[in-house]
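**Student:** Supplied in structure tokens, the structure appears directly below.
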Amino acid sequence: MDWDWGRYCREVGRSKEEVMHDLGGFGASASRAHAVLRACPALKELEMAVYHPGDGSDESEIFEFGYDLGPRPVKTAVPAHEMLNEEMYGDEFVETLARHCPDLERFTIWNVLGVSARAIMTFTDRAFEALATLRYLTYMEIKSVNITGNGLFTLLNNHPIAYSTQRCYVIGVGDTSGSTEMAFYGVVETLLATLAAHTGTLPCEDPRVVLRLQNANATGKVDKAWSSAYLTRIKKLVAVIKQNHPTVRLRVAGWRMTDTEFEQLFEFGFYTRVSEPSEWFGWHEDRQDTKLDDVFVTRGGNTRRPEPETYQDDEDDDY
């Protein structure tokens, strides 16, 4: 976000107009970031902080990431244009990373500013298939991406042989608008259904693995009747998983959840009996949360606020 395009233009001998608009594949229009990975066979940690413009209206999000903007208005503190297209960090990028950087231990993609959540649509289940092959990967934190519950099932269960070190995955799903607005709910239900349908021991039951799935649509409330039907379905799946796979631990957290409904689900957790979720997750002791049972957790009380419902579901929709 703080890239000095003026200096970049001087160094490469190009005008600002060329760099920002006319240089196909270079400068601000770069699209093949994965090409550089071929020269990094010993890479162990890769962190990418991506930025895209928001509306500048949520100052609290900026301070959450530690930026001290002083007296300047928020709207003047960030560039008005997108620095680089985050879609370049999709399947092709991740597959190249897994192929040429076999020693990778940590991989993160996060939003510099969270004022305008948006999913990387080119990052799909294919990327997870590639990441699952990395023998030494122990930590992955990915901003909202376009994956499914089946992709998560693959990621959880495809462990390298004789792998004993704990793996932790923190993954975002959904965004504030568009086709993935309700994606979190579909991903969670599909993953639970796949786990419940599996006969015999799951490959992920014994390894030390932790998954924290976060709903990137942090403001999206759901219809009361829809939440009730959804909660009924996933509770049945959870009961089957607990019975058939006793070493698996699950967590479903929502705002103002009761035994029959909720305003919004914001987090899903999966881990095994031998795993140790980070204390920063607050899964074991968080004063904001109230446990309804050993899986379901509510935040903000267990009574829905009397506000207008903002989402109407079509039963034929496929999330």
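The sequence shown: position 4 = 12 (my numbering), numbered continuously.
We treat Cβ as the ideally placed atom computed from N, Cα and C, and that holds for glycine.
#1: Taking the alpha-carbon positions, what's the N223 to L273 distance?
#2: Between S68 and the rest of its own chain, which residues show a CB-CB distance below 7 Å, the 5 nearest in sequence each way excluded?
#3: Alpha carbon to alpha carbon, what distance is there between R15 and F161?
#4: Using a Cβ-Cβ cutoff of less than 8 Å, which residues in the same chain neighbour V181 once the five nearest sequence positions on both sides are dropped?
#5: Give me the Cβ distance between E269 and L239, rounded to the nearest whole Å; I'm assuming they're in contact under 8 Å.
#6: Identify which residue in E287, D302, A57 has its Cα closest to the Cα of W118.
#7: How long is the line joining the alpha carbons of L139 and T132, rounded to whole angstroms?
#8: Just grab the DSSP bridge partners of F276 for me.
#9: Cβ of R107 versus every heavy atom of the ligand FAD: is any distance shorter than 6 Å?
#10: What is the rounded straight-line gap between the Cα of F115 and the Cα of I179?
#11: Secondary structure at F115, three-state DSSP: helix, strand or coil?
#12: In terms of residues, what are the limits of the alpha helix (DSSP H) holding S283?
#13: What are the boundary residues of the beta strand (DSSP E) that includes I128?
#14: Report all residues from its chain with a CB closer than 7 Å to the CB of K243; omit the five preceding and five following residues, and keep chain order.
#15: Under the rule that 16 or more other beta-carbon atoms within 10 Å means buried, what is G74, buried or exposed?
#16: With respect to the alpha helix (DSSP H) encompassing F101, which residues constitute its N-terminal and C-terminal limits?
#17: What three-state label does DSSP hand G186 in the structure shown?
#18: Counting only the same chain and skipping the five closest in sequence on each side, list residues whose C-beta sits under 6 Å from that of G21.
#19: How big is the Cα-Cα spacing for K229 and E271?
#20: Using a Cβ-Cβ cutoff of less than 6 Å, which residues in the same chain neighbour E103 once the five nearest sequence positions on both sides are dropped?
#21: Does the distance from the CB of V248 to the CB of V303 come in under 7 Å?
#22: Comparing C-alpha positions only, which one of R257, P211, S185, R216 sits nearest to A226?
#23: How many angstroms separate the CA atom of E293 from the CA atom of Y279?
#24: Express the C-alpha separation of D12 and R18 in angstroms, rounding to a whole number.
#25: Roughly how far, in whole angstroms, is the beta-carbon of R264 from the beta-carbon of T306, given that I think they are within contact range, below 8 Å?
#26: Cutting at 6 Å between CB atoms, please list the residues of its own chain near E275, excluding the five before and the five after it.
#27: Report all residues from its chain with a CB closer than 6 Å to the CB of L105; omit the five preceding and five following residues, and keep chain order.
#28: Nearest to S172 by CA position, among G159, G157, D183, T146, is which residue?
#29: Does DSSP classify K243 as helix, strand or coil?
#30: Going along the chain, which unbroken runs of the beta strand (DSSP E) with 3 or more residues stay wholly within the stretch 129-159?
#31: Suppose contacts are defined by Cβ-Cβ distances below 7 Å. Is D99 in contact with A43 by that definition?
#32: Contact check, N166 vs T202 under 8 Å by CB: the rounded distance?
**Tutor:** According to the structure data:
#1: 7 Å
#2: At S68, the pLDDT of 38 sits below 50, so the modelled position is not reliable; the number obtained from the coordinates is stated separately. Cβ neighbours of S68 beyond the five flanking positions: none.
#3: 46 Å
#4: A127, S152, V153, I155, T188, A191, F192, V195, L221, Q222, N223, A224
#5: 6 Å
#6: A57
#7: 11 Å
#8: L221, V260
#9: With respect to small molecules bound, the structure shown includes none, and the ligand FAD cannot be examined in it.
#10: Spanning the alpha carbons of F115 and I179 requires a straight line of approximately 11 Å.
#11: DSSP places F115 in strand when its eight states are reduced to three.
#12: No alpha helix (DSSP H) contains S283, which DSSP labels as neither H nor E.
#13: Run containing I128: none; DSSP gives neither H nor E here.
#14: No residues qualify anywhere along the chain.
#15: Confidence at G74 is low in this model, with a pLDDT of 36, below 50, so its placement is unreliable and the value that follows should be read with caution. Exposed: under 16 other Cβ atoms inside 10 Å.
#16: 99-108
#17: Three-state result, G186: coil.
#18: none
#19: CA-CA distance, K229 to E271, rounds to 5 Å.
#20: A138, listed in sequence order.
#21: no
#22: Selected option, being the one with the closest Cα: S185.
#23: 16 Å
#24: 10 Å
#25: 6 Å
#26: Cβ within range, chain order: Q222, A261.
#27: L45
#28: Residue T146 is the option with its Cα nearest to S172.
#29: It is helical.
#30: 147-153
#31: no
#32: Wrong, their Cβ atoms sit about 13 Å apart, outside the cutoff.
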